[in-house]
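So the structure is just underneath, and the comments pick up after that.
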Amino acid sequence: MKIIVAIKQVPERDAHLAPEGKWIDESDLNFTINEPDAYALEEALQLKDKNGGEVIALCAGPERVTSTLREALAKGADRAIHIVADDLGSRDTLALAQLLAEAIRPESPDLILTGLQSDDLGLGQTGVVLAEVLGIPHATIIMQVEVAGGGLRVKRELEDGWFQHVEMPLPALLTIQSGGNKLRYATLMGIKKAKTKPTATVEASAAPAASAIELTRVYLPEKQKRTQMITGSPAEIAAQLVEKLQTEVRVL
Amino acid sequence: MSGVLVVVEQRGGSLGRTSLEALAAGQQLAKQLGAECSAAVVGDAAAAGELSSKAVAKVYTVEHALLAQYTADGYVAALEQLVKQAAPAYVVFPHTYQVRDFAPALATRFGQVLISDVVAIHDGPSFVRQLFQGKLNADYRPSGAGPCFVSIQAGSFRADALEAGSGATVESFAPAIDAAQIRTKPSEPFREAAQTIDLSAAPVIVSVGRGIREQENVALVQALADALGAELAASRPICDAGWLPMERQVGSSGQTVSPKLYLAVGISGAIQHLVGMKGSKTVIAINKDENAPIFEVADYGVVGDLFEVVPALTEAIQAAKH
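Heads up: the sequence lines are chains U and R, in that order. Per our numbering, residue 1 is the first one in the first sequence, and the count goes up by one each step. Per our numbering, residue 253 is the first one in the second sequence, and the count goes up by one each step.
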């Protein structure tokens with residue numbers, strides 16, 4: 001089975017974010033793989049471990065994303081495709097999906113996996129839009145994938161602890177939920193091997209002149225509640241909180 | 253192209269809270285636009301009565317044998333036809349797992365992009381959604397020619413703000429769908445083992461998140477929960493890692509709680525977690541990052557090292573009880 005994993009590089013989760021106009025100041029940020037995409041990669045590697053085949057890591061972005069692709073190769077992906085694009089911020093989800101689709105079509109994969117959403121924009125729809133652009137079936141928020149009878153049987157997460165199995169033919173696209181598997185670490189041998197694995201570089205086609213939606217401003221959210229901050233030494237903080245628990249919250 | 257069409261979700265013939273909230277958002281948007289708000293329900297017409305009692309211009313019941321069970325293919329095919337006929341300027345959904353599964357593809361059919369997980373609508377209209385797990389907000393404007401597709405985050409609009417109406421017209425809409433268009437075969441939804449812990453009934457909850465770093469450190473928070481006589485809960489990453497069972501998870505994929513006290517330890521407050529606990533009466537948050545979104549919903553906040561604050565608090569509570 002030939003599997004393409006579409007991954008995104010995002011700022012690290014504990015990064016300090018400074019809004020700046022229509023985006024954030026990226027100058028001092030460290031970037032890493034989008035966590036749900038790490039689970040998509042893990043699922044692809046496990047499918048390959050079980051059924052054989054090939055895993056290709058695909059990522060669009062500026063030069064810095066090659067570090068994330070190298071990490072995917074070190075974890076066990078066979079090769080990588082880097083769509084070189086410095087203007088992702090000016091492409092909406094549809095334009096981005098079209099960009100990914102252009103790189104995917106010549107590969108004719110059996111399966112495309114991606115995380116259910118990104119840690120930065122969190123729109124949660126690149127996978128579904130990509131499937132629609134490619135004209136293949138999809139399923140979202142997937143916990144488990146089994147190859148069954150020439151197609152797939154997947155376990156979808158629903159709300160409130162409910163699940164559902166869905167059968168579908170290949171080729172197909174799945175968006176993977178975090179936590180379905182345990183993430184593997186790159187081994188020393190894997191890191192060594194990654195250096196010899198091929199990364200194809202694809203130049204991004206020009207961004208469409210018009211987009212369907214436009215991000216006009218990024219800013220710090222206003223507080224929904226007036227938060228009373230408790231400060232002091234740990235013992236002082238504890239004493240103040242106990243007082244609140246006794247007199248205000250009344251649970252002691 | 254004008255007006256607002258709210259596509260609601262129903263289960264067993266009744267509308268869920270998130271659908272009523274989406275309808276409230278749709279009514280607000282229609283008012284801002286000076287336009288009409290209509291509603292549509294897919295699959296089963298049973299909820300049409302409830303819908304027509306709200307202040308809506310029209311209720312569409314989208315009915316077809318192939319819509320009896322949800323599939324993305326069936327819903328996209330049916331709603332594409334309805335949106336073309338009704339020609340709304342805005343299509344509004346509740347931001348449910350089901351909507352996340354089909355609405356982006358529906359928007360793609362129109363060359364549009366869904367503005368997902370919207371928390372507020374300002375004049376313009378401009379739609380507010382959260383970035384970076386709730387750490388930042390962003391304003392989005394539709395700039396395309398087609399209808400604008402929007403999904404509404406749970407708990408962002410008030411269902412009790414819904415305006416009542418006087419029996420809107422119910423119109424049946426029969427889309428043309430071919431069985432061959434439906435490529436996936438879903439089976440009946442199921443629950444894993446029966447849930448034995450009902451967090452929704454707990455008056456006091458102590459909840460732990462990523463900030464705890466290691467499994468062995470969970471004991472620190474357990475000790476605090478024990479001192480308070482509280483149930484121990486967690487955000488998703490803790491349950492994903494297997495440090496606590498899934499049934500102790502609070503958030504969109506876990507349980508929704510509204511205790512008297514929710515004490516969040518090392519939880520940054522991603523949207524998916526906040527929707528599960530923002531109904532709590534009092535929230536205390538302990539986190540090392542002063543910009544963590546959990547502080548937006550906290551009544552009392554402690555910016556500090558949980559490994560120092562939690563043991564001190566446990567000790568102080570034990571002392572206070574004697």
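Glycine is no exception: its CB is placed at the ideal position from the N, C-alpha and C atoms.
| Query | Result |
| --- | --- |
| Best match in R/Ala479, R/Ser408, R/Tyr392 and R/Val344 for proximity to U/Val218 [C-alpha to C-alpha] | R/Tyr392 |
| Residue-chain proximity (U/Ile188, chain R), Cβ-Cβ < 8 Å | What sits at residue 188 of chain U in the sequence shown is Leu, not Ile. For U/Leu188, the answer is no, since every Cβ of chain R falls outside 8 Å of its Cβ. |
| Where the alpha helix (DSSP H) through R/Leu513 begins and ends | Careful: R/Leu513 lies outside any alpha helix (DSSP H), inside the beta strand (DSSP E) at Leu513 to Val517. |
| CA-to-CA distance, U/Ile136 to R/Gly278, given in whole angstroms | 32 Å |
| Pair within 8 Å by beta-carbon distance, U/Lys223 and R/Glu548 | yes |
| Residue of R/Ala413, R/Ala406, R/Pro394 and R/Gly518 minimising C-alpha distance to R/Ile536 | R/Gly518 |
| Rounded separation between U/Leu73 and U/Gly190 - CA only | 8 Å |
| Collapsed DSSP secondary structure at U/Gly271 in the structure displayed | Because chain U is modelled from 1 through 252, residue 271 of chain U falls outside the range shown and cannot be assessed. |
| First through last residue of the alpha helix (DSSP H) which encompasses U/Gln9 | Segment Gln9 to Pro11 is the beta strand (DSSP E) holding U/Gln9; no alpha helix (DSSP H) there. |
| Selection of the stretch 387–398 of chain R by Cβ proximity to chain B, strictly under 8 Å | Absent here is chain B; the protein component of the structure consists of chains U and R. |
| Option nearest R/Leu334 by Cα separation, candidates R/Glu468, R/Ala300, R/Leu358 and R/Ser459 | R/Leu358 |
| Test item: CB-CB of U/Thr68 and U/Ile7 under 8 Å | yes |
| Nearest candidate by alpha-carbon position, reference R/Asp296, set R/Ala287, R/Gln321, R/Arg269 and R/Glu499 | R/Gln321 |
| Straight-line Cα distance separating R/Val293 from R/Leu331 | 10 Å |
| Same chain, Cβ closer than 8 Å to U/Ala101, five either side skipped, listed in chain order | Leu130, Val133 and Leu134 |
| Residues that R/Lys573 contacts on chain U, provided the C-beta gap is smaller than 9 Å | Leu252 |
| Which listed residue (U/Val147, U/Trp23 and U/Met229) has its alpha carbon closest to that of U/Leu47 | U/Val147 |
| Cα-Cα separation between R/Ile490 and R/Val458, rounded to whole angstroms | 13 Å |
| contact_flag[the stretch 458–469 of chain R, the stretch 507–525 of chain R] where n(CB pairs < 8 Å) is 3 or more | yes |
| Counted within 10 angstroms of its Cβ, other Cβ atoms place R/Gly255 as buried (16 or more) or exposed | buried |
| Extent of the continuous alpha helix (DSSP H) run through R/Phe559 | Leu558 to Lys573 |
| Three-state secondary structure (DSSP) of U/Glu243 | helix |
| Enclosing beta strand (DSSP E) for R/Asp391 [first to last residue] | Leu388 to Pro394 |
| C-beta neighbour in chain R for U/Val147, strict 8 Å | no |
| Bridge partners - U/Arg156, DSSP secondary structure assignment | U/Ile142 and U/Gln164 |
| Length of the line joining the Cα atoms of U/Ala210 and R/Ser395 | 8 Å |
| Inter-residue CB distance, U/Arg156 and U/Ile176 (contact presumed, cutoff 8 Å) | About 11 Å; that fails the 8 Å criterion. |
| Beta-carbon contacts of U/Gln125 that lie in its chain and below 7 Å, excluding the five residues immediately before and after | Thr93 |
| According to DSSP, residues forming a beta bridge with U/Arg79 | U/Ile56 |
| Rounded separation between R/Ser487 and R/Ile373 - CA only | 28 Å |
| Exposed unless 16 or more other CB atoms sit within 10 angstroms - verdict on R/His347 | buried |
| R/Leu267 - partner residues in DSSP beta bridges | R/Gln262 |
| Euclidean distance between Cα positions of U/Thr196 and R/Gly268 | 54 Å |
| Under the three-state DSSP convention, the category R/Ile546 falls into | helix |
| U/Gln164: contacting residues in chain R (beta-carbon distance under 8 Å) | Pro438, Ser439, Glu440, Pro441 and Phe442 |
| Residue-level contact to chain U via CB, R/Gly503, 8 Å cutoff | no |
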